[in-house]
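All remarks here apply to the structure that follows.
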Amino acid sequence: MNPEQKIPVGILGATGSVGQKFIELLTDHPWFEIVALAASQRSAGKPYGQVVKWIQNSPLNRKIGAMIIQPTVPVLPCKIVFSALDAEVAESIERDFAEADYLVISNARNHRFHPQVPLLIPEVNADHLKALGSQSFQKGKIVTNPNCSTMGLTLALKPLMQFFGLTRVHVVTMQALSGAGYPGVSSLQAIDNVIPFIRNEEEKLESEPKKILGSWDGSRFIEAPITISASCNRVPVLDGHLESVSVKLASEASIREIIQAWSTFKSIPQDLKLPSAPEFPIHYFEAEDMPQPRLLRNLEHGMAVSIGRLRPCSILDFKFSVLSHNTIRGAAGAAILNAELMVAKGYLSGK
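In my numbering, the protein residues as written are 100 to 450.
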């Protein structure tokens, strides 16, 4: 499905690192056209290229650089906005936009556990979009994507839960510096070091997958009955979160069966051939030293998850390693895929 004309969209928090990633991924998008960039009051009224400290690998598009930054208020010339706002301001601003009849597709954490807001991974819980009909933001809507570390883990868990059932998960993350935003962690902290603490990260990783893997009962989300224990670490890698995972399954499975479940896993985004969807959401690598961030983080344009090192666990059942690109699949790319799914399913037809 392709829209006859490109859909105008805006970006809230456009000057930050995630906002920049939205711009990079949307600049030549086949379905969406950036018509508005919004940021703080100190940036409003100025050309984007004069204000932003561009840190992406690709050069800033000249047309985007010339766009005048708008205040972050709901008077933008579009009805769909991607939110890259900092959590300190996102809750009220996103609510204001929704109540002004905007669709807010957010990367911020603030509304992830609202009882009627989908916490969406299109390959995992596309049916959670049914909750939009119960939202009370007047005519507007809010959809969120999960935390960057949640994304890779939950995609890896979905086929296991689907085919074998899942009861317990233990995960230790090694998270890239870009996950802290810009300027993020100082060089004196990051170089020659591992920081065994990321504020609020373990709480997110222990709770978000349960909502995503759960169900919508018509009025609220019912969490999946899974126990998750997480330990999160910041490591000196630019992009790509690597996670060491151990799982307890509800039924017996062989290593071959689990790899088969991962390798053949496809879902609605693949069936619909959405522009940002990877051909295969999960790739399994047999090499004993894979996956590695530098080698595999950009697999399928950064939208696929890499898994390796599946082996028996002496405490639970199995253990393995998961890698995902934290600023693409774990942030801006995830939100864009959410929007594509909503277009394809007709949720944006009135916008």
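The C-beta atom is built at its ideal place from N, Cα and C for all residues, glycine as well.
A distance below 8 Å between beta-carbons, with the five flanking residues on each side excluded, links Arg408 to the following residues of its chain, in chain order: Glu387, Met389, Lys418, Phe419 and Ser420. Leu373 is a Cβ neighbour of Leu440, given a cutoff of 8 Å. Between Met260 and Leu184, the C-beta gap is not smaller than 8 Å, which leaves the two residues out of contact.
As the crow flies, the alpha-carbon of Cys331 is around 44 Å from that of Glu103. DSSP places Thr249 outside any beta strand (DSSP E); the residue lies instead in the alpha helix (DSSP H), whose first and last residues are Cys247 to Phe263. For the pair of segments examined, the segment 293–307 was found not to touch the segment 355–366: the number of CB pairs separated by less than 8 Å stays below three. Ranked by how close their Cα comes to the Cα of Glu187, the residues Val203, Asp200 and Asn209 have Asn209 in first place. Here the alpha carbons of Ile321 and Lys152 stand approximately 42 Å from one another. The C-alpha of Arg141 lies about 14 Å from the C-alpha of Leu111. In the three-state scheme derived from DSSP, where H, G and I count as helix and E and B as strand, Trp153 is classed as coil. As far as DSSP is concerned, Trp130 takes part in no beta bridge. The residues Asp226, His227, Lys229 and Ala230, in chain order, have a CB closer than 7 Å to that of Trp315 in the same chain once the five nearest residues on each side in sequence are set aside. The alpha carbon of Ile290 has as its nearest neighbour, out of Thr249, Pro282 and Val334, the alpha carbon of Val334. Partner residues in a beta bridge of Tyr147, as assigned by DSSP, do not exist. Under the 8 Å Cβ criterion, the segment 192–202 does not count as touching the segment 152–167, having fewer than three qualifying pairs. Per DSSP, Ile414 lies in no beta strand (DSSP E) and is assigned neither H nor E.
Boundaries of the alpha helix (DSSP H) around Leu287: Ser286 to Ala289.
For Lys120, the enclosing alpha helix (DSSP H) covers residues Ser116 to Leu125. Rounded to the nearest angstrom, the gap between the Cα atoms of Arg355 and Asp416 is 14 Å.
Taking the Cα of Ile435 as reference, the smallest distance to any Cα among Ile327, Gly115 and Glu132 is reached at Glu132. Here the alpha carbons of Glu193 and Ser350 stand approximately 42 Å from one another.
Across the structure, Gly144 and Pro282 are spaced so that their CA atoms are roughly 24 Å apart.
Following the DSSP letters along the chain, one finds Ser362 inside the alpha helix (DSSP H) bounded by residues Ile354 to Ser362.
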